[in-house]
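Sequence positions in the sequence shown follow the numbering used here and run 5 to 103.
Glycine is no exception: its CB is placed at the ideal position from the N, C-alpha and C atoms.
Encoded as structure tokens, the structure appears first; notes follow it.
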Amino acid sequence: MTRLIKRYGNRKLYDPKTSSYITLEGIAALVRGGHDVRVIDNDTGEDLTALVFAQIIVEEEKRKSGILSIPVLRWIIREGEVRIQELLERVDRGREAIE
């Protein structure tokens, strides 16, 4: 089941399941815990999940300095979504073969 998070006009993120505001760090913890998270704009219904996940990565990069190497970031920019999706599909197939 997808955990829905709403983003309000003041940029605050709200988790209706817990009836409380949640931080980017809190959303990251949900994802790490195996939850399928979806973030939507409360006013428009626009899906903001990719944007919020990118913000989480940026914030973690600031704190941990080096979570993603420059070559990896460069590869992501050059290759784009299609190549990354292909790579992730290969990883998933490999994991399935191991299990």
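Skipping 5 residues on each side, what residues in its chain have a beta carbon closer than 7 angstroms to that of D45?
Here residue 45 corresponds to residue number 41 of the sequence shown, with the count starting at 1. The answer, listed in chain order, is R11 and L52.
What is the rounded straight-line gap between the Cα of R36 and the Cα of I74?
For this step, residue 36 is matched to residue 32 along the sequence shown. For this step, residue 74 is matched to residue 70 along the sequence shown. If you take the alpha carbons of R36 and I74, they lie about 23 angstroms apart.
Can I60 and L28 be called in contact, C-beta distance under 7 angstroms?
Stepping through the sequence shown from its first residue, residue 60 is reached at position 56. Stepping through the sequence shown from its first residue, residue 28 is reached at position 24. Yes, the pair counts as a contact, with Cβ atoms nearer than the cut-off.
Thinking just about the alpha-carbon of each residue, which of G13, I31 and Y25 is nearest to the one in E63?
One-based indexing of the sequence shown puts residue 63 at position 59. For the residues G13, I31 and Y25, the minimum Cα distance to E63 belongs to I31.
Between T50 and R87, what straight-line distance do the alpha-carbon atoms span, to the nearest angstrom?
As a first step, residue 50 is located in the sequence shown; it is residue number 46 there, counting from the start. As a first step, residue 87 is located in the sequence shown; it is residue number 83 there, counting from the start. It should be noted that the sequence gives Glu, not Thr, for residue 50. When only Cα atoms are considered, E50 and R87 end up about 25 angstroms apart.
Answer yes or no: do V43 and R7 have a C-beta to C-beta separation smaller than 7 angstroms?
Indexing the sequence shown from 1 puts residue 43 at position 39. Indexing the sequence shown from 1 puts residue 7 at position 3. At the C-beta level, V43 and R7 stay beyond 7 angstroms of one another.
Taking the alpha-carbon of H39 as reference, which of I9, I102, R78 and D47 has the nearest alpha-carbon?
For the purposes of this step, residue 39 is taken as the residue at position 35 of the sequence shown. Cα-wise, what sits closest to H39 is I9.
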